[in-house]
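Here's the structure we're looking at; comments come further down.
Protein chains in written order, with this note's numbering: chain W, 1 to 517; chain S, 1 to 362.
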């Protein structure tokens, strides 16, 4: 866009923030032109979230500034000092969709969209006007929901769309506004992402702008005009996306060139380790497959088609029917529990780090030895020094920083948390390792480490099964990918067929009824 | 994510790992090389805040003892008063330890005061009115605790009702039954039991040493066994614990059963201490144990329920009340003091938990 030389629609300056002794943002800034989609990029811990929270007024910037470098945000020529309150944000036409979506699960769709902007008649809420507004809005965005549907019962995708629509609606009107989206696509399937991008392009056409925080560089190439890149709390570059290659972006994010993101060595597939027979659950029926020693097997499809459920069924995390066999030991799924699965040599890392795979308040060491703590139970007490030593060893092996096993998990960045959780399960020396969206909310650097670790585990004889909708990652990492459609196996890709395009095509093409957008 | 944590001193970890002289050959140089990567050292005021939050309770307690010692010269710090203080709170201490166990696993056991009342009344009824010998009476009393615990566990774990509701209702049920059985104070409890509880060693009743035993055993389980670890994991993130092979349902059920059983143990000892069975003893056990557990969770390992914290907090609260009573304040002060301590304890523990990120969120 040639909008760089005109006055920006949004300008935020002198954004400085430290937590305790650690500076997180140093004199960062953001300039958003009118009618552009602007990516905010950086590794985990580079300060993206802090920048967004400062803009939203959720946290206050560091004090001690002078009049010359007072932190402030200017939208359409109106300047406000930070932190701003929600009313001011609304007046400035600044809308936010945060990563946690900020939805009240017990409220209805109508209440959610009406929040803070109820249509009143003589001082009381006119539910009829509210209803017709809600219905009209849902139709406009092609979301087939009832206004009375309870948010807590919507699917993850519908919730994300709802939150985004609410954000868009909050900046709609005569004046141009800026919508800030903090990793909105992390939990969205490919088709929903495209739907979202259509909406963003429509916003852009009206002269309003979007700030888009993401880890997925293909999305940046796809939809963004410009990108601001943060590294260690400082803005290191603002670049035109059209003239930059993905490698350029990666180089800017990391500060070094990243060669060979995906290790290419593939091991040969030999003896079967895992045999799943006729697995059925809430979204799947009669899924059977085999995974071999040293193999990295991908399970994919569109979100909602059931591919995500299968590994949880194999591990006994949820109840279903069918049989699971590991190294000759066969168990009926309905009797399978995580504990039993672990004793059979299975390990399972769910996608949702915060609620299912990591204890944020517990120390790194406690997290690391959670699945193996009985090893340290010797002659009537816990061998703390041994545990500490093993924890440091495990942390070093996966390249974790800081090397402080006593710090709580929450003080590590997202990528490091994921490495730590992987290390925790590798300590159990599993025969089968199940991973669900292992690179969710993980920066590029940590992603490479994770891939290396996964490859190494496979080389050491582990059979790795990854359920993911990151087609590109699967194409590079896996030896074989099974595509799940409508809860059943619809196809398998190996060898030369195994490309991002082929997987995408396979996932989208074989849909009986094409997704309406 | 980008938050400095003050959970534990990161600067201490490399030192301790170097201290252990175990085949540290290749890792030692790497260790020093990694040292600069550790979190920035804590600043002076953070250090003070850390010490303050860990040992604040003990420091406040010490100050309180000194203050009362000065205000009540020759009375407060007298041997007889201290002996009384330690002995009189021993049964409260056992119940406080009892409720700390399910709280660590994320469940509340409000029924402890109900267990104490029904057990005390049953003791009086069987031992005095029905003239049962002591041993069978005690066994029945403990069985009551066990049964109540099992019923609580069944409804909480199996049926899936909030432990707050189940145990609150259970309290009402138990106190109702107790009053139906006998609503008068019965005196004449077996001398054996009275002796076992009330004989003194160095001016302190034996019941205190039993309580001390309970504290030590509970502390050992919390601190030095996988069971203690599992309790904490279950309380801090049940789903994470379950998916890591922790038997969360067994842990939750077990914690509720042990809690009720310990409540019954406390009640048996209480009957011995009082030498009688008074159906109105419940009030002392309704709030004080929870205030102690909550307050205790703010110290030693802030944000986590811990046995040492509960034990110190029990006596911290008792010291305050005894001192105020000796200063001439009437009996009502107990209720007010415990109520306020509970609110303050919860407020402080919420704060400590937030500081340590106990709430398991992104």
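Quick reminder that beta carbons are idealized off the backbone N, C-alpha and C, glycines included.
Treat the numbers as computed from the prediction; the structure is a model and nothing was measured.
Check your understanding: Do you know offhand how far residue 178(S)'s Cα is from residue 104(W)'s?
Key -> Within the second chain, numbered from 1, the residue matching residue 178(S) stands at position 178. Within the first chain, numbered from 1, the residue matching residue 104(W) stands at position 104. Using only the alpha carbons, I get a separation of about 44 Å.
**Study point:** CB contact flag (residue 487(W), residue 283(W), <8 Å)
**Key:** Numbered from its first residue, the first chain carries residue 487(W) at position 487. Numbered from its first residue, the first chain carries residue 283(W) at position 283. Yes, the pair counts as a contact, with Cβ atoms nearer than the cut-off.
**Study point:** Cβ-based burial, residue 217(S) [other Cβ within 10 Å; buried from 16]
**Key:** Here residue 217(S) refers to the residue found at position 217 of the second chain. Residue 217(S) should be labelled exposed.
Review point. Mind checking residue 61(S): buried by the 16 CB within 10 Å criterion, or exposed?
Key: Counting from 1 along the second chain, the entry for residue 61(S) is found at position 61. Buried, since its Cβ has 16 or more Cβ neighbours within 10 Å.
Check your understanding: Around the C-beta of residue 191(W), are 16 or more other C-beta atoms found within 10 angstroms, so that it is buried, or is it exposed?
Key -> The residue labelled residue 191(W) in the question sits at position 191 within the first chain. When all chains shown are included, residue 191(W) counts as buried.
Point to revise | 8 Å Cβ cutoff, residue 308(S) in contact with chain W | key: Along the second chain, one-based indexing puts residue 308(S) at 308. Cβ-Cβ to chain W under 8 Å: no for residue 308(S).
Review point. Should the segment 237-247 of chain W be regarded as contacting the segment 215-222 of chain W, the criterion being three or more beta carbon pairs within less than 8 Å?
Key: Segments in contact, yes.
Check your understanding: Going by DSSP, what residues sit across from residue 179(W) in a beta bridge?
Key -> Along the first chain, read from residue 1 onward, the residue named residue 179(W) stands at position 179. Note: residue 179(W) sits in a beta bridge opposite 95(W) and 210(W).
Check your understanding: If we ignore side chains and look at the alpha-carbon of each, how far apart do residue 365(S) and residue 8(W) end up?
Key -> Coverage of chain S is limited to positions 1 through 362, which leaves residue 365(S) absent and any answer about it impossible.
Exercise for review: Would you mind sorting residue 71(S) into buried or exposed? The rule is 16 or more other CB atoms within 10 Å of its CB.
Suggested key: Along the second chain, one-based indexing puts residue 71(S) at 71. Result: exposed.
Point to revise | Residue environment, residue 398(W), which counts as buried when at least 16 other CB atoms sit within 10 Å | key: Taking the first chain and counting its residues from 1, one reaches residue 398(W) at position 398. Counting other Cβ atoms within 10 Å of its Cβ, residue 398(W) reaches 16 or more and is therefore classed as buried.
Point to revise | Within chain W, partners of residue 107(S) - CB distance below 7 Å | key: Sequence index remark: in the second chain, residue 107(S) carries index 107 (1-based). Scanning chain W for C-beta atoms nearer than 7 Å to the C-beta of residue 107(S) yields nothing, as the closest lies near 17 Å away.
Review point. Are there 16 or more other CB atoms within 10 angstroms of the CB of residue 448(W), so buried, or fewer, so exposed?
Key: Counting from 1 along the first chain, the entry for residue 448(W) is found at position 448. Buried, because 16 or more other Cβ atoms sit within 10 Å of the Cβ of residue 448(W).
Exercise for review: Could you work out which residues of chain W lie near residue 244(S), taking near to mean beta carbons separated by less than 7 Å?
Suggested key: Position 244 of the second chain holds residue 244(S). Within chain W, the residues placing a beta-carbon under 7 Å from that of residue 244(S) are 370 and 371, ordered along the chain.
Review point. Within the 8 Å Cβ cut-off, does residue 302(S) reach chain W?
Key: For the purposes of this step, residue 302(S) is taken as the residue at position 302 of the second chain. Output row for residue 302(S): interface = no.
Check your understanding: residue 318(W) by DSSP, collapsed to three states: which one?
Key -> Position 318 of the first chain, counted from the start, is the residue given in the question as residue 318(W). Assignment of residue 318(W) by DSSP, reduced to helix, strand and coil, places it in the coil class.
Review point. In terms of residues, what are the limits of the alpha helix (DSSP H) holding residue 218(W)?
Key: Stepping through the first chain from its first residue, residue 218(W) is reached at position 218. Boundaries of the alpha helix (DSSP H) around residue 218(W): 217-223.
Review point. Along chain S, which residues have their Cβ under 7 Å away from the Cβ of residue 374(W)?
Key: Position 374 of the first chain, counted from the first residue, corresponds to residue 374(W). The contacting residues are 226.
Practice item. Can you tell me which of the three DSSP states residue 17(W) falls into? Key: Counted from its first residue, the first chain places residue 17(W) at position 17. In the structure shown, residue 17(W) sits in a strand (DSSP, three-state: E or B).
Check your understanding: Should residue 335(W) go down as buried or exposed, given a rule of 16 or more other Cβ atoms within 10 Å for buried?
Key -> Counting from 1 along the first chain, the entry for residue 335(W) is found at position 335. It counts as exposed.
**Study point:** Beta carbon proximity, residue 233(S) to chain W, threshold 8 Å
**Key:** Numbered from 1 along the second chain, position 233 holds the residue referred to as residue 233(S). For residue 233(S), at least one C-beta of chain W is nearer than 8 Å to its own C-beta.
Review point. Between residue 431(W) and residue 463(W), which are expected to be in contact by the criterion C-beta below 8 Å, what is the C-beta distance as a whole number of angstroms?
Key: Sequence index remark: in the first chain, residue 431(W) carries index 431 (1-based). Sequence index remark: in the first chain, residue 463(W) carries index 463 (1-based). Between the beta-carbon of residue 431(W) and that of residue 463(W) there is about 6 Å, and that keeps the pair under the 8 Å contact cut.
Check your understanding: Taking Cβ-Cβ distances shorter than 8 Å, what residues in chain W pair up with residue 422(S)?
Key -> Here chain S comprises residues numbered 1 to 362, so residue 422(S) is not present and cannot be evaluated.
Point to revise | For residue 330(W), three-class secondary structure by DSSP | key: In the first chain, the residue the question calls residue 330(W) occupies position 330. DSSP, read as helix, strand or coil, puts residue 330(W) in strand.
Check your understanding: In terms of alpha-carbon separation, which member of 342(W), 13(W) and 55(W) lies closest to residue 67(W)?
Key -> For the purposes of this step, residue 67(W) is taken as residue 67 along the first chain, with counting starting at 1. Closest by alpha carbon: 13(W).
Check your understanding: Does the beta-carbon of residue 332(S) have 16 or more other beta-carbons within 10 angstroms, so that it is buried, or is it exposed?
Key -> Reading the second chain from its first residue, position 332 is the one you call residue 332(S). Residue burial is scored here from C-beta neighbours: residue 332(S) has fewer than 16 other C-beta atoms within 10 angstroms and is therefore classed as exposed.
Exercise for review: Have a look at 252(S), 59(S) and 68(S) and flag the residue whose alpha-carbon is nearest the alpha-carbon of residue 328(S).
Suggested key: Taking the second chain and counting its residues from 1, the one referred to as residue 328(S) is at position 328. Looking at the Cα atoms, 68(S) is the closest of the given residues.
Check your understanding: Listing by chain order, which chain W residues have their CB less than 8 Å from the CB of residue 247(S)?
Key -> Taking the first residue of the second chain as position 1, residue 247(S) is located at position 247. Chain W residues near residue 247(S): 339.
Review point. Name the chain S residues whose beta carbon is nearer than 7 Å to that of residue 381(W)?
Key: The residue labelled residue 381(W) in the question sits at position 381 within the first chain. Correct list: 224.
Exercise for review: Could you work out which residues of chain W lie near residue 104(S), taking near to mean beta carbons separated by less than 9 Å?
Suggested key: As a position in the second chain, residue 104(S) is number 104, starting the count at 1. The premise fails here: residue 104(S) is roughly 13 Å from chain W at the closest Cβ pair, so nothing lies under 9 Å.
Point to revise | Closer than 8 Å to chain S by CB, residue 302(W) | key: By 1-based counting over the first chain, the position of residue 302(W) is 302. No, no contact with chain S.
**Study point:** Per-residue contacts from residue 252(S) into chain W (C-beta, under 8 Å)
**Key:** Residue mapping note: residue 252(S) aligns to position 252 of the second chain, counting from 1. Those do not exist, as residue 252(S) stays about 15 Å from chain W at its closest Cβ, beyond 8 Å.
Practice item. Check each candidate in 189(S), 286(S) and 251(S) and name the one with the smallest Cα separation from residue 334(S). Key: Numbered from its first residue, the second chain carries residue 334(S) at position 334. Proximity to residue 334(S) across 189(S), 286(S) and 251(S) peaks at 286(S), based on C-alpha coordinates.
Review point. Does residue 67(W) have its Cβ less than 8 Å from a Cβ in chain S?
Key: As a first step, residue 67(W) is located in the first chain; it is residue number 67 there, counting from the start. Against chain S, the CB of residue 67(W) has no partner CB under 8 Å away; the residue lies outside that interface.
Point to revise | Opposing strand residues paired with residue 491(W) [DSSP bridges] | key: As a working note, residue 491(W) is residue 491 in the first chain. Residue pairing of residue 491(W) in beta bridges, as defined by DSSP: 483(W).
Exercise for review: Would you mind working out which of 132(W), 175(W) and 112(W) sits nearest residue 159(W), comparing C-alpha positions?
Suggested key: As a position in the first chain, residue 159(W) is number 159, starting the count at 1. Taking only the C-alpha atoms, the option nearest residue 159(W) is 112(W).
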